[in-house]
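Residue numbers (the working numbering): 106 to 205. For glycine and all other residues, C-beta sits at the position ideal for the given N, C-alpha and C. First up is the structure itself, then whatever we jot down about it.
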């Protein structure tokens, strides 16, 4: 079983990397580099999947006998994940606008 601290840090790091790649994709699209932007979004997706997988593991543990206390750092990790997922969705839409 993974420790809470490791799980939370994994979510924060991977979600943060996903968000950063989304913004790199937007910068590429602004410069007209649409293919690069799409590639960066795919890279962002890979990091988001890692963060989401860890979140799922925490939820599964919490549903079983390994209940975890709700801590501020856990809330922070969830906030990072949700922000990165929103950044991903919005980035894709904005890149479509640049494509026109």
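Asked: Through-space distance from residue 151 to residue 137, alpha-carbon basis; Found: 23 Å
Asked: Per-residue burial, residue 180 [other beta carbons within 10 Å of its own, 16 or more giving buried]; Found: exposed
Asked: Backbone secondary structure at residue 121 - three-state DSSP; Found: helix
Asked: Expected contact under 8 Å - CB spacing of residue 159 and residue 192 to nearest Å; Found: Rounded, the Cβ-Cβ distance is 18 Å, inconsistent with contact.
Asked: Residue 204: first and last residue of the uninterrupted alpha helix (DSSP H) it sits in; Found: 177-204
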